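Q: Using my numbering, you'd call the opening residue of the sequence shown number 2 and step up by one each time.
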Amino acid sequence: MSGRIVIVGTGVAGATAAQTLRREGYAGEIVLLGAEPDLPYRRPAVSKELLAATASVERVLLKPVKFWADNAIELRPAIRVEAVDTDRATVRLHTGEVLGYDSLLLATGARARTIGADSPRVYTLRTRADVAGLHSAVDAGGSLLVLGGGLIGCEVAATARGLGARVTLLEAGPALLDRVVPAPVSEMVRALHREHGVTVETEVRTAELAEGGEGVIATTADGRAFTAAAALVAIGSVPDTALAEAAGIAVDDGIVVDQHYRTSASGVFAAGDVASAFHPHRDAFERAQHWNAAQSDGAAAAKAMLGLPAAPAEIPWGWTDQHGVSMQFAGWVHPHDELVVDGDPAARDFLAVALRAGRPVGAVAMARPRELRAARALIAAGDPWAAELARVR
Ligand SMILES: Cc1cc2nc3c(=O)[nH]c(=O)nc-3n(C[C@H](O)[C@H](O)[C@H](O)COP(=O)(O)OP(=O)(O)OC[C@H]3O[C@@H](n4cnc5c(N)ncnc54)[C@H](O)[C@@H]3O)c2cc1C
2 MSGRIVIVGT
12 GVAGATAAQT
22 LRREGYAGEI
32 VLLGAEPDLP
42 YRRPAVSKEL
52 LAATASVERV
62 LLKPVKFWAD
72 NAIELRPAIR
82 VEAVDTDRAT
92 VRLHTGEVLG
102 YDSLLLATGA
112 RARTIGADSP
122 RVYTLRTRAD
132 VAGLHSAVDA
142 GGSLLVLGGG
152 LIGCEVAATA
162 RGLGARVTLL
172 EAGPALLDRV
182 VPAPVSEMVR
192 ALHREHGVTV
202 ETEVRTAELA
212 EGGEGVIATT
222 ADGRAFTAAA
232 ALVAIGSVPD
242 TALAEAAGIA
252 VDDGIVVDQH
262 YRTSASGVFA
272 AGDVASAFHP
282 HRDAFERAQH
292 WNAAQSDGAA
302 AAKAMLGLPA
312 APAEIPWGWT
322 DQHGVSMQFA
332 GWVHPHDELV
342 VDGDPAARDF
352 LAVALRAGRP
362 VGAVAMARPR
372 ELRAARALIA
382 AGDPWAAELA
392 RVR
C-alpha cells in the first residue's frame, strides 16, 4: 500500500500509530505533525520527573532522536494543523501549506480545563512547555494551591511538596482520586498526603480564583478563602476536537469512532484521548484518558488504516506515582461497588477488586503488579465465577 498518511498529534497515540504503520509494512509516506515544539515524549513525566526537574525532556523521549528519520517518518514538530477539508482530503497547516492525504489520523489529545483567572500565577499542566513556570513557582519553598484532587492534582501536590513548597489541595468532591479508586484506597491516599505535609480539604468547591496580595486567592462556594503564591488548576481535561468539529466530523464529548477507529468522514480516523469509542466491557462510549490506552489505541488505529484485523478491546489501566509510592488501577471503579480487598491499603500492599452485580469491574493495587494483571483478565472475563475467584484469592 502506498500513498500518504497524515497524522495530527505527536502524543503517544499519534507517534505509536506512525511506528506501527512502518512496522506493519506500510511503504507510503507518513507525515507526523504536532503543535508542540518537542519530539514525542512521555507525557506522564510532566507532573513527575519533569516538574521535579530530575529528568530533562531528552531523557523522556518516546524514541531516540534518529528513530524518525531511520524509519522514514516525516516528523514535523511546532506545526499546528489549522483545518481539515474532508471533500478535498487535505489539511492546512499554520504556515499556509496544504497537504493532501490518502488517510488521516486525528490524535489531537486533550487540553487542560481551567477556571477564569487570567493570571501569570495560575497554571495548568499538560505539556513540557507548561513545566518551567510552575517549577519556578514551587521550587525553593513557595506556596501552591492545587485545585482538583484527581490524578494530576495529587501528583503535582506530591511533586511540589518534594520541592519544598507549602501545598494546599482543594477537592470539590468527597474524596481524592474518586474517579479511579474506591473509598478505602482514597482514604489511604489522603493519609499519604497528610504524612508528607500536604493540607487536603475535600468538599471545597472553588467559586472564584483571582489575583490578590502577593499571590492568588481561591474563594469557595461557602465563602472561605485560601491564598498562596501560585495555583495549579487541575480540574480535568477537554478533548481537542476543534479541527474535527470545524470539518463537520461527528463529535460527542470526543471524536466519535467505530470499532475500526473510523470517524464519520471517509478516510479520517481518530485515536487516543480525543477519540470516543464504544467499549464492549462497559457497554458505553468513552475516551481513553490513560497512557496505555492511548498507546494501544494508536497501534490499533494504524492497523485499522491498513485494513488489518483489530485486536479485542483491552481493559484500560493506568498508574500514578505520589510521594515515592506507585499505585496501579484498571477497569472502572465506582464508589458504590462491593469491594474485595486482599492485603492492607494502609500498609500500601494490597489488591482491591470492585464487584458490580457480582462481576469484577475494576481493580486497584499497590506493590502487586502481577495480581493487577490477573485482575484485568478477570475483569475481561467478566463472569460471576471470576468474581468468586477474586473473592477467594
Ligand atoms: C501531566 C500529566 C500526567 C499524566 N500522568 C499519567 C500517568 O501517570 N499514568 C497514565 O496512565 N496516564 C497519565 N496521563 C495521561 C496520558 O498522558 C494521556 O492519556 C496520553 O498522553 C494521551 O495521549 P494522546 O496521544 O491521545 O494525546 P496527547 O498526549 O494530548 O497528544 C496530543 C497532541 O496533539 C497535539 N495537537 C492538538 N491539536 C493539534 C493541531 N491542530 N495541530 C497539531 N497538533 C495538535 C497536541 O499539541 C499534543 O501534542 C497524564 C497526563 C498528563 C497531562
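Ideal placement from N, C-alpha and C gives every residue a C-beta, glycine not left out.
Quick caveat: nothing in here was measured; it's all calculated off a predicted structure.
Of the choices Asp-71, Gly-325 and Arg-77, whose alpha-carbon is the least far from that of Leu-456?
A: This structure gives no information on residue 456, because the portion of the chain shown stretches from 2 to 394.
Q: For Pro-1, I'd like the list of residues in its chain whose CB is within less than 6 Å of its CB, leaving aside the five on either flank, ordered along the chain.
A: This structure does not reach residue 1, given that the chain is present from 2 up to 394, and the question cannot be answered.
Q: Near Leu-126, which residues of its chain fall below 8 Å by C-beta distance, leaving aside the five closest residues on each side in sequence?
A: Excluding residues within five positions, the ones whose Cβ falls inside 8 Å are Val-47, Ser-48, Leu-52, Ala-113, Val-132, Leu-135, Ile-153, Val-157, Leu-233 and Ala-235.
Q: Relative to the C-alpha of Asp-284, which residue among Trp-333, Ser-265, Ala-247 and Leu-309 is closest?
A: The option with the nearest alpha carbon to Asp-284 is Trp-333.
Q: Does Thr-200 come out as helix, strand or coil in the three-state DSSP assignment?
A: Strand at Thr-200.
Q: Please say whether Ile-380 and Gly-359 have beta carbons closer to each other than 8 Å?
A: Contact flag unset, no.
Q: CB of Trp-333 to nearest heavy atom of ligand 1: below 7 Å?
A: Outside the cutoff, so no.
Q: Please report how far the alpha carbon of Val-1 lies from the alpha carbon of Ser-327, in whole angstroms.
A: The structure shown does not extend to residue 1, since the chain is modelled only from 2 to 394, so the question has no answer here.
Q: What residues in its chain sit with their C-beta under 7 Å from that of Ala-111, if we drop five residues either side in the sequence?
A: Cβ neighbours of Ala-111 beyond the five flanking positions: Ser-238, Val-239, Pro-240, Asp-241, Asp-274 and Val-275.
Q: Arg-5 and Tyr-102 - do their beta-carbons sit closer together than 8 Å?
A: Yes, Cβ-Cβ distance for Tyr-102 and Arg-5 is below 8 Å.
Q: Starting from His-280, trace the beta strand (DSSP E) both ways and give me its first and last residue.
A: Looking at the DSSP string, the run of the beta strand (DSSP E) that includes His-280 is 276 to 280.
Q: When we look at the beta-carbon of Glu-209 and count the other beta-carbons within 10 Å, is it buried (16 or more) or exposed?
A: Result: exposed.
Q: Would you kindly work out how many angstroms separate the C-alpha atoms of Val-393 and His-335, rounded to a whole number?
A: Residue confidence is low: Val-393 scores 46 on pLDDT, short of 50, so the model does not pin down where it sits. No coordinate-derived value is stated.
Q: Got a sec? Which residues, its chain only, sit under 7 Å from Glu-215 by beta carbon, not counting five neighbours each side?
A: If we look at Glu-215 and ignore the five residues flanking it on each side, its Cβ neighbours are Ala-230.
Q: Does DSSP classify Thr-169 as helix, strand or coil?
A: Strand at Thr-169.
Q: Does any heavy atom of ligand 1 sit closer than 7 Å to the C-beta of Asp-338?
A: Checking the Cβ of Asp-338 against ligand 1 gives no.
Q: What does the alpha-carbon distance come out to for the pair Leu-307 and Val-32?
A: Spanning the two alpha carbons is a distance of roughly 16 Å.
Q: Should Ala-194 go down as buried or exposed, given a rule of 16 or more other Cβ atoms within 10 Å for buried?
A: Looking at the sequence itself, residue 194 is His, so the reference to Ala does not match. Looking at its Cβ environment, which holds 16 or more other Cβ atoms inside 10 Å, His-194 is buried.
Q: Between Val-92, Ala-368 and Leu-107, which has its C-alpha nearest Leu-100's C-alpha?
A: Cα-wise, what sits closest to Leu-100 is Val-92.
Q: Please determine whether the Cβ atom of Val-32 lies at a distance below 7 Å from any heavy atom of ligand 1.
A: Answer for Val-32: no, Cβ out of range of ligand 1.
Q: Within the continuous beta strand (DSSP E) that includes Gln-323, where are the two ends?
A: Per DSSP, Gln-323 belongs to the beta strand (DSSP E) from 318 to 323.
Q: Which same chain residues, not among the five before or five after His-280, have their C-beta less than 7 Å away from its C-beta?
A: Closer than 7 Å at the Cβ level, and outside the excluded window around His-280, lie Glu-287 and Ala-314.
Q: Quick one: residues in its chain with C-beta nearer than 7 Å to the C-beta of Ala-184, no 5 flanking neighbours on either side, listed in chain order?
A: Within the same chain, Ala-184 has close Cβ partners Ala-176 and Pro-336.
Q: At a cut-off of 7 Å, would you count Ala-158 as near ligand 1, judging by its Cβ distance to the nearest heavy atom?
A: It does not: the Cβ of Ala-158 is nowhere closer than 7 Å to a heavy atom of ligand 1.
Q: Measuring CB to CB, does Gly-29 end up less than 8 Å from Ala-108?
A: No.
Q: Report whether the distance from the Cβ of Ile-316 to the nearest heavy atom of ligand 1 is below 7 Å.
A: It does not: the Cβ of Ile-316 is nowhere closer than 7 Å to a heavy atom of ligand 1.
Q: So, is Val-147 buried or exposed, given that buried needs 16 or more other C-beta atoms within 10 angstroms?
A: Buried, by the Cβ-count rule.
Q: Does the distance from the C-beta atom of Thr-207 to that of Ile-116 stay below 8 Å?
A: Yes, they are a contact pair.
Q: Quick check: what's the CA-CA separation for Asp-86 versus Asp-254?
A: Looking at the two C-alpha atoms, the distance is approximately 21 Å.
Q: Going by the C-beta, is Pro-45 closer than 7 Å to any heavy atom of ligand 1?
A: Checking the Cβ of Pro-45 against ligand 1 gives yes.
Q: Excluding five sequence neighbours on each side, which residues of the same chain lie with their C-beta closer than 6 Å to the C-beta of Ile-218?
A: Excluding positions up to five away in sequence, the list reads Ala-211, Ala-226 and Thr-228.
Q: Let me check understanding here. Comparing Cα to Cα, which of Ala-70, Val-269 and His-261 lies closest to Ile-250?
A: Cα-wise, what sits closest to Ile-250 is Val-269.
Q: Please report the Cβ distance between Ile-80 and Leu-94, rounded to the nearest whole angstrom; I am assuming they are in contact, meaning their Cβ atoms lie under 8 Å.
A: Contact holds; Cβ gap of about 5 Å.
Q: Going by DSSP, what residue range makes up the alpha helix (DSSP H) through Gly-299?
A: That run of the alpha helix (DSSP H) goes 292 to 306.
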